[in-house]
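Under UniProt numbering, the first residue of the sequence shown carries the number 1, and numbering increases by one thereafter.
Note that beta-carbon positions come from the ideal geometry of N, C-alpha and C, so glycine has one too.
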Amino acid sequence: MENTASELQKQKNSNLSLVLILVNVSLVLIFINTGDIDEYDSSVNTAFAVWALTILLGIYAFSYHGKGYRIAKWIFAILVLLSIGYIGIFIYVTGLAHSFKN
Numbered sequence: 001m002e003n004t005a006s007e008l009q010k011q012k013n014s015n016l017s018l019v020l021i022l023v024n025v026s027l028v029l030i031f032i033n034t035g036d037i038d039e040y041d042s043s044v045n046t047a048f049a050v051w052a053l054t055i056l057l058g059i060y061a062f063s064y065h066g067k068g069y070r071i072a073k074w075i076f077a078i079l080v081l082l083s084i085g086y087i088g089i090f091i092y093v094t095g096l097a098h099s100f101k102n
């Protein structure tokens, strides 16, 4: 009985963590779209949102242990690769922009 209550509490905490991650990412998206920003600032803010989601999902994936949370680790690994790719493309495009700035 105690094991079941412990598992139920763990599942409740896991669901609450996911809701908090979604709320935080929503707040980041609202933040990056607020104010008078140009195209460069918008891309920097989008990169910030991608890394915020990756870090929060990584914390979630490695906080909970068990077979049920293995999918979160796979999603985190995919997000890390996408984040690295996005940041790499962002740095490449920024370098190209600076090379054409005479």
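Which of helix, strand or coil DSSP assigns to residue 66: coil
Mind pulling the alpha helix (DSSP H) runs of 4 or more residues that sit fully within the segment 6-77? 39-63
On the criterion of 16 or more Cβ atoms from any shown chain inside 10 Å, does residue 81 qualify as buried, or is it exposed? exposed
Per the contact definition of three or more C-beta pairs closer than 8 angstroms, is the segment 87-101 in contact with the segment 53-72? no
Output needed for residue 28: all residues of its chain with C-beta closer than 6 angstroms, excluding positions within five of it in sequence on either side, in chain order. 49 and 52
Thinking just about the alpha-carbon of each residue, which of 41, 76 and 97 is nearest to the one in residue 57? 76
Compute the Euclidean distance between the alpha carbons of residue 98 and residue 43, then round it to the nearest angstrom. 15 angstroms
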